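Below is one structure, written out as structure tokens; comments come after it.
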Amino acid sequence: MIKEVLRYFIQHPHAADDLEGITRWRLVEHQIRQRVEETRRALAWLVDRHYLQRDVRGGPVPIFTLNPDKVDAARALLRSDEPAPREPQG
């Protein structure tokens, strides 16, 4: 925690904030990191099952699109009373 807060002030030497403000940006950064990881796992699950297509032709960052061959299956998954499948961990 100490190094994380200090690292922020080193990276932003003109920053000035109170306890609540510092806590807020720490929470936001943590939530973003957590959501990015959750989204990465969800995208991997959807690509592995061919609901989405992963395209790397446009550059170093992959672009994801809906697989037109799986539209009906995707709609069925969304309508399902079953809870969304869990993404694989890791």
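FYI, the numbering for the sequence shown is 1211 to 1300, going by our numbering. For each residue, glycine too, the CB sits at the ideal point set by N, CA and C. Keep in mind it's a predicted model, so treat the numbers as computed, not measured.
Asked	Found
Pro1217 - partner residues in DSSP beta bridges	Note that residue 1217 corresponds to Arg in the displayed sequence, not to Pro. DSSP output for Arg1217 lists no bridge partner at all.
Per DSSP, the bridge partner or partners of Leu1262	Leu1276
Endpoints, alpha helix (DSSP H) assigned at Arg1289	1281-1289
Own chain partners of Leu1253 with C-beta closer than 7 Å, once the 5 adjacent residues on each side are dropped	Leu1262, Phe1274
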